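If you count the sequence shown from 1, position 42 lands on 27 in this note's numbering, and the numbers rise without skipping. Heads up, the thing below is written out as structure tokens.
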Amino acid sequence: KRVELERLRLIADRAKKLAAPTASEEERSMGQLQREVFIMLGHSGKHQHFQPKACALPQGAVVLEQTKVLTIEQMIGNGQEGVELLWQSVKALKWSGADRCREAIDNVFERSYIFKTFMVEELAEMLSYSRFIECPAETQIFLEEEEGETMYFVLDGEGDMFEDAEWTGSIKTSEVIGDDSVLCGHPRSCTVIAGTKMVMLEVSEQALRHTMRRRPEAWKELVRRARIKYDDESEDEDEDED
């Protein structure tokens, strides 16, 4: 009996050592809170290890670094809604023109069919997988007829569109470009060249699909809206030619 009691005591002591906290009680509480938030939102936490494939930057473009990258848990925990999430991400950039973007961000959310399908936590996750880029004037953003796996939300600056080397229109701040390639699978419908320095949020198809993986019906709705948008535009062009 003594031997058995001693064995049980050693097992119990070892279990206590293994269970001993390595962080402060405050840190443990915060970790538990984050896990509860993720369970509540249906997150498994696996997305933290997801790294979207790095897409090639337009030649001459640079990635704007963020001075403070908020985690998804922090963004959601701060109670920030969609517009505010994007605004806080822009404010964190090492970029002197960030203050000019607030109106553009408001317009992006008001006008874009894309963000209308997002839940707040999905936007936070998407931002963690996306990047802000700065393109000097005369940068070729993408080329007509090439395959496209990224779309861009223009937060500052303007660009020009060309089809068959003919100028067809301007791209303004608050507009989205490249969404037909990402959502409809179309080749690039035009060549886009920066008319001024442009700052854009770049979102890849891979990151977008991963973000919306828990709500396939929302992804389908997003694709449906994109197809309606571009089918309508094609019909308008046909009517003008008649």
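Glycine included, each C-beta is placed from N, C-alpha and C at the ideal position. A quick note: this is a predicted structure, and the numbers were derived from the prediction, not measured.
Thinking residue i and residue j are a contact (beta carbons under 8 Å), I'd like their distance in whole angstroms, please.
i, j, result
"residue 86", "residue 140", "5 Å"
"residue 46", "residue 134", "Wrong, their Cβ atoms sit about 15 Å apart, outside the cutoff."
"residue 114", "residue 192", "4 Å"
"residue 116", "residue 159", "Going by Cβ atoms, the distance from residue 116 to residue 159 rounds to 19 Å, so no, they are not a contact pair."
"residue 127", "residue 163", "6 Å"
"residue 213", "residue 124", "With 8 Å as the limit, residue 213 and residue 124 do not qualify as a contact, their Cβ atoms being about 31 Å apart."
Whose C-beta lies closer than 6 Å to the C-beta of residue i among residues of the same chain, with five residues either side of it excluded?
i, result
"residue 204", "197"
"residue 102", "203, 206 and 207"
"residue 190", "134 and 167"
"residue 129", "173, 175 and 176"
"residue 180", "143, 144 and 145"
"residue 75", "83 and 86"
For residue i, which residues of its own chain have a beta-carbon under 8 Å away from its beta-carbon, when the five flanking residues on both sides are left out?
i, result
"residue 157", "139 and 143"
"residue 71", "90, 93, 94, 108, 112 and 186"
"residue 149", "129"
"residue 153", "146, 147 and 175"
"residue 182", "119, 120, 121, 122, 141 and 142"
"residue 38", "189 and 191"
"residue 254", "Within the shown structure, residues of the chain are numbered from -14 to 227, placing residue 254 beyond reach of any answer."
"residue 79", "49, 50, 51 and 52"
"residue 161", "93, 97, 99, 136, 137, 138 and 139"
"residue 40", "134, 135, 187 and 189"
Assuming residue i is part of the alpha helix (DSSP H), what are its boundary residues?
i, result
"residue 74", "67 to 76"
"residue 84", "Run containing residue 84: none; DSSP gives neither H nor E here."
For the beta strand (DSSP E) containing residue i, list its first residue and its last residue.
i, result
"residue 176", "176 to 179"
"residue 186", "183 to 189"
In its own chain, which residues sit with a C-beta less than 7 Å from the C-beta of residue i, not counting the 5 before and 5 after it?
i, result
"residue 33", "With a pLDDT of only 49 at residue 33, under the threshold of 50, the placement of this residue in the model should not be trusted, and no figure is reported."
"residue 66", "105"
"residue 98", "210 and 214"
"residue 68", "90, 91 and 94"
"residue 200", "none"
Run the proximity test for residue i: is its beta-carbon closer than 7 Å to any non-hydrogen atom belonging to the ligand ATP?
i, result
"residue 104", "You won't find the ligand ATP in this model; it holds no ligand whatsoever."
From the options, pick the residue whose C-alpha is nearest to that of residue i; which is it?
i, options, result
"residue 211", "132, 100, 43 and 124", "100"
"residue 44", "180, 121 and 188", "121"
"residue 195", "106, 79, 84 and 124", "106"
"residue 165", "178, 182, 183 and 131", "131"
"residue 81", "66, 68, 126 and 49", "49"
Whole alpha helix (DSSP H) elements within the segment 108 to 174, 4-residue minimum = Taking only runs of at least 4 residues, the alpha helix (DSSP H) segments lying wholly in the segment 108 to 174 are 164 to 169.
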